[in-house]
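Student: The structure that follows is given in the form of structure tokens.
There are 2 protein chains.
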Amino acid sequence: MSLRYGLLGLLNYYDMSGYDLKKTFESSLQYMWSAKSSQIYRELGKMEKEGLVLSKIEQQEKKFDKKVYSITKLGITAFQEWLEHFPKNLELPIRDEFIVRVFFGEHLSFENLIFEVKRFKKQREDTLEALTTILITAKHAAAEDGLDKSYYFWKLTINKALKETQAEIEWAKETIDELMNRS
Amino acid sequence: MSLRYGLLGLLNYYDMSGYDLKKTFESSLQYMWSAKSSQIYRELGKMEKEGLVLSKIEQQEKKFDKKVYSITKLGITAFQEWLEHFPKNLELPIRDEFIVRVFFGEHLSFENLIFEVKRFKKQREDTLEALTTILITAKHAAAEDGLDKSYYFWKLTINKALKETQAEIEWAKETIDELMNRS
DNA sequence: ATATTATATTCAACAAGTTGAATATAACTT
DNA sequence: AAGTTATATTCAACTTGTTGAATATAATAT
Numbered sequence: 001m002s003l004r005y006g007l008l009g010l011l012n013y014y015d016m017s018g019y020d021l022k023k024t025f026e027s028s029l030q031y032m033w034s035a036k037s038s039q040i041y042r043e044l045g046k047m048e049k050e051g052l053v054l055s056k057i058e059q060q061e062k063k064f065d066k067k068v069y070s071i072t073k074l075g076i077t078a079f080q081e082w083l084e085h086f087p088k089n090l091e092l093p094i095r096d097e098f099i100v101r102v103f104f105g106e107h108l109s110f111e112n113l114i115f116e117v118k119r120f121k122k123q124r125e126d127t128l129e130a131l132t133t134i135l136i137t138a139k140h141a142a143a144e145d146g147l148d149k150s151y152y153f154w155k156l157t158i159n160k161a162l163k164e165t166q167a168e169i170e171w172a173k174e175t176i177d178e179l180m181n182r183s
Numbered sequence: 184m185s186l187r188y189g190l191l192g193l194l195n196y197y198d199m200s201g202y203d204l205k206k207t208f209e210s211s212l213q214y215m216w217s218a219k220s221s222q223i224y225r226e227l228g229k230m231e232k233e234g235l236v237l238s239k240i241e242q243q244e245k246k247f248d249k250k251v252y253s254i255t256k257l258g259i260t261a262f263q264e265w266l267e268h269f270p271k272n273l274e275l276p277i278r279d280e281f282i283v284r285v286f287f288g289e290h291l292s293f294e295n296l297i298f299e300v301k302r303f304k305k306q307r308e309d310t311l312e313a314l315t316t317i318l319i320t321a322k323h324a325a326a327e328d329g330l331d332k333s334y335y336f337w338k339l340t341i342n343k344a345l346k347e348t349q350a351e352i353e354w355a356k357e358t359i360d361e362l363m364n365r366s
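This is the structure in structure tokens:
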């Protein structure tokens with residue numbers, strides 16, 4: 001029920017289509033919120049019914065028509081209301097398919113487990129690179145669109161993801177060493 | 184669809200009721216998997232229908248009857264099959280209500296934001312303590328039940344949670360400083 | 001004495017998220 | 001010239017997760 005607030009937040013920057021929102025998600029909220037296209041389109045439909053957003057069809061020269069959404073006054077109020085009320089419990093519900101398997105690692109071979117932890121490490125290293133790239137492109141994008149004030153907060157959140165990812169890579173290194181000494 | 188494998192994994196240690204499983208979850212898988220009681224009971228029901236677990240009613244002296252579940256051969260096979268097949272993509276779908284609000288922080292007062300980041304820091308410090316306690320009690324529990332081999336892997340996973348939590352606390356400290364200098 | 005917490009489970013209703021198919025065109029690559 | 005990728009959206013079916021009510025007793029705290 002709060003994908004909608006992510007969408008409203010992004011529509012505060014500028015009007016966008018479902019597709020644009022998906023793309024924007026991918027280069028920003030991706031690391032704190034995940035959403036599939038189908039979910040975004042459905043949610044936008046609901047939000048329009050509830051008067052939080054308005055859509056208008058925009059004709060494009062050569063491409064298809066776009067359905068461009070804009071935030072309404074009601075939408076702005078709803079967003080602000082949500083924003084100011086942080087949840088009491090800031091723990092996140094985790095569902096980590098990888099680490100659960102490590103937890104039950106006694107039923108796996110050391111070889112297999114080392115292989116998977118190495119794969120995990122590689123993926124997090126890629127994430128680290130992606131985050132660095134995002135930080136740079138976000139800076140440029142913000143400068144172009146006059147969103148420097150927004151960029152300040154984007155940076156705070158990317159810093160968090162960077163630190164967490166670094167910690168995970170550290171853990172992976174130590175764990176690989178540990179497992180290799182044991183096996 | 185993989186809460187079931189967490190349950191099967193725990194039933195490998197010993198037979199348990201839905202309630203026991205919930206409790207065991209809370210002192211172990213909690214930091215990698217979250218599940219409400221109602222979900223556990225429902226999943227156990229399904230699993231019994233599918234022949235992955237068996238239940239028998241156990242009479243207790245003064246308390247209620249307990250429905251104690253045990254893993255079947257089919258259950259063991261299903262668990263092993265799941266365990267050996269790690270997902271290709273090891274990223275986790277995140278849904279972080281806190282950090283999304285920081286992302287949109289320009290619509291909040293610095294005062295409010297600082298308050299919330301401090302609250303976040305405090306909660307993570309509590310988590311850190313809880314993790315340390317869990318590590319100790321798990322060690323004792325493992326020793327008592329002859330699960331020392333299992334404990335080795337539990338420790339690996341708790342280490343990961345510890346490192347991540349420490350990184351989050353670090354981030355919170357830096358961010359509080361940064362926000363206080365700006366405001 | 002009374003209230004609360006812990007034990008122990010079930011179930012219905014609802015909300016949210018995932019998968020996959022369907023449709024249609026422009027732009028780019030081989 | 002043919003194939004792939006990107007653009008752009010909709011929808012149905014399904015799985016998963018959340019909330020809250022209902023039931024019933026022992027143990028502990030006030």
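Top line first, the protein sequences correspond to chains A and B.
Just so you know, the first sequence maps onto residues 1 to 183 in the working numbering.
Just so you know, the second sequence maps onto residues 184 to 366 in the working numbering.
Every residue gets a Cβ at the ideal spot worked out from N, C-alpha and C, and that includes glycine.
Note that the structure is predicted; figures quoted are calculated from it, not measured.
Could you work out which residue in A:Lys121, A:Phe86, A:Thr24 and A:Pro87 is closest to Ile134 of chain A when comparing CA atoms only?
Tutor: A:Thr24
Student: Chain B partners of Phe86 of chain A, CB-CB under 8 Å?
Tutor: Glu280, Phe281, Arg284, Glu299 and Arg302
Student: Please tell me whether Thr358 of chain B has its Cβ less than 8 Å away from any Cβ of chain A.
Tutor: yes
Student: Are the C-beta of Ser34 of chain A and some C-beta of chain B separated by less than 8 Å?
Tutor: yes
Student: So with CB distances below 7 Å, who are the chain B contacts of His107 of chain A?
Tutor: Gln263 and Leu266
Student: With DSSP run on the structure shown, which of helix, strand or coil describes Ile282 of chain B?
Tutor: helix
Student: Under 8 Å by Cβ, that's how I've got Ala350 of chain B and Glu164 of chain A pegged, so tell me the actual separation to the nearest angstrom.
Tutor: The beta-carbon distance between Ala350 of chain B and Glu164 of chain A, rounded to whole angstroms, is 5 Å. This is short enough to meet the 8 Å contact definition.
Student: Which chain A residues sit within Cβ distance under 8 Å of Ile277 of chain B?
Tutor: Tyr31, Met32, Trp33, Ser34 and Leu92
Student: Step through the CB atoms of chain A and report whether any lies within less than 8 Å of the CB of Glu226 of chain B.
Tutor: no
Student: Would Phe303 of chain B pass as a contact of Leu90 of chain A if the rule is Cβ separation under 8 Å?
Tutor: yes
Student: With 9 Å as the C-beta to C-beta threshold (strictly closer), list the residues of the segment 64 to 78 of chain A near chain B in chain order.
Tutor: none
Student: Run through DSSP, which three-state label would Tyr252 of chain B get?
Tutor: strand
Student: Between which two residues does the alpha helix (DSSP H) carrying Trp274 of chain B extend?
Tutor: Trp is not the amino acid found at residue 274 of chain B; the sequence shown has Glu there. Segment: none, Glu274 of chain B is in no alpha helix (DSSP H) and carries neither H nor E.
Student: Which one of B:Glu353, B:Glu226, B:Tyr335 and B:Ser211 has the shortest CA to CA distance from Glu178 of chain A?
Tutor: B:Tyr335
Student: With burial defined as no fewer than 16 other Cβ atoms inside 10 Å of the residue's Cβ, what is the status of Lys88 of chain A: buried or exposed?
Tutor: Lys88 of chain A comes out exposed.
Student: Within the 8 Å Cβ cut-off, does Asn159 of chain A reach chain B?
Tutor: yes
Student: Classify Glu241 of chain B as helix, strand or coil using the three-state DSSP reduction.
Tutor: strand
Student: Which residue marks the beginning of the alpha helix (DSSP H) containing Ser217 of chain B, and which one marks its end?
Tutor: Where Ser217 of chain B is concerned, there is no enclosing alpha helix (DSSP H), given that its DSSP letter is neither H nor E.
Student: So Met32 of chain A and Val283 of chain B are supposed to be a Cβ contact under 8 Å. How far apart are they, rounded?
Tutor: 5 Å
Student: Between the segment 256 to 268 of chain B and the segment 11 to 18 of chain A, do three or more beta carbon pairs fall short of 8 Å?
Tutor: no
Student: Distance, Cα to Cα, Asn364 of chain B vs Glu294 of chain B?
Tutor: Those two C-alpha atoms are separated by around 12 Å.
Student: For a contact defined as C-beta to C-beta under 9 Å, what are the partners of Gln190 of chain A on chain B?
Tutor: What is shown of chain A runs 1 to 183, which leaves residue 190 of chain A out entirely.
Student: With 8 Å as the threshold, decide whether the Cβ of Ala324 of chain B is near any Cβ in chain A.
Tutor: no
Student: Count the other C-beta atoms from every protein chain shown that fall within 10 angstroms of the C-beta of Glu327 of chain B, then say buried if there are 16 or more, exposed otherwise.
Tutor: exposed
Student: Please name the residue in A:Asp126, A:Ile71, A:Phe98 and A:Ala141 whose C-alpha comes closest to that of Leu44 of chain A.
Tutor: A:Ile71
Student: Looking at the strands, I want to know which residues DSSP matches up with Met230 of chain B.
Tutor: Answer is none; Met230 of chain B lacks a bridge partner.
Student: Given a limit of 8 Å on CB to CB distance, which residues of the segment 330 to 341 of chain B reach chain A?
Tutor: Lys332, Ser333, Tyr335, Phe336, Trp337, Leu339 and Thr340
Student: Mapping DSSP to helix, strand and coil, what is Ser200 of chain B?
Tutor: strand
Student: In or out: Ala234 of chain B buried (at least 16 other Cβ within 10 Å) or exposed?
Tutor: Checking the sequence shown, residue 234 of chain B turns out to be Gly, not Ala. Exposed, by the Cβ-count rule.
Student: I'd like to confirm the pairing. Which residues does DSSP put opposite Val53 of chain A in its beta bridges?
Tutor: A:Ile71
Student: If you draw a straight line from the C-alpha of Tyr252 of chain B to the C-alpha of Ser211 of chain B, how long is it?
Tutor: 19 Å
Student: May I have the straight-line CA-CA distance separating Leu186 of chain B from Glu129 of chain A, to the nearest angstrom?
Tutor: Taking the straight line from one Cα to the other gives about 32 Å.
Student: Which chain A residues are close to Ala350 of chain B, counting only those with a beta carbon under 8 Å from its beta carbon?
Tutor: Lys163, Glu164, Gln166 and Ala167
Student: Any idea what DSSP makes of Phe287 of chain B, helix, strand or coil?
Tutor: Here Phe287 of chain B sits in coil by DSSP.
Student: If we call anything under 8 Å between Cβ atoms a contact, is Leu191 of chain B one with Phe286 of chain B?
Tutor: It is not a contact, given that the beta carbons lie outside the stated cut-off.
Student: Between the segment 193 to 210 of chain B and chain A, which residues of the former have CB atoms less than 8 Å from a CB of the latter, in chain order?
Tutor: Asn195
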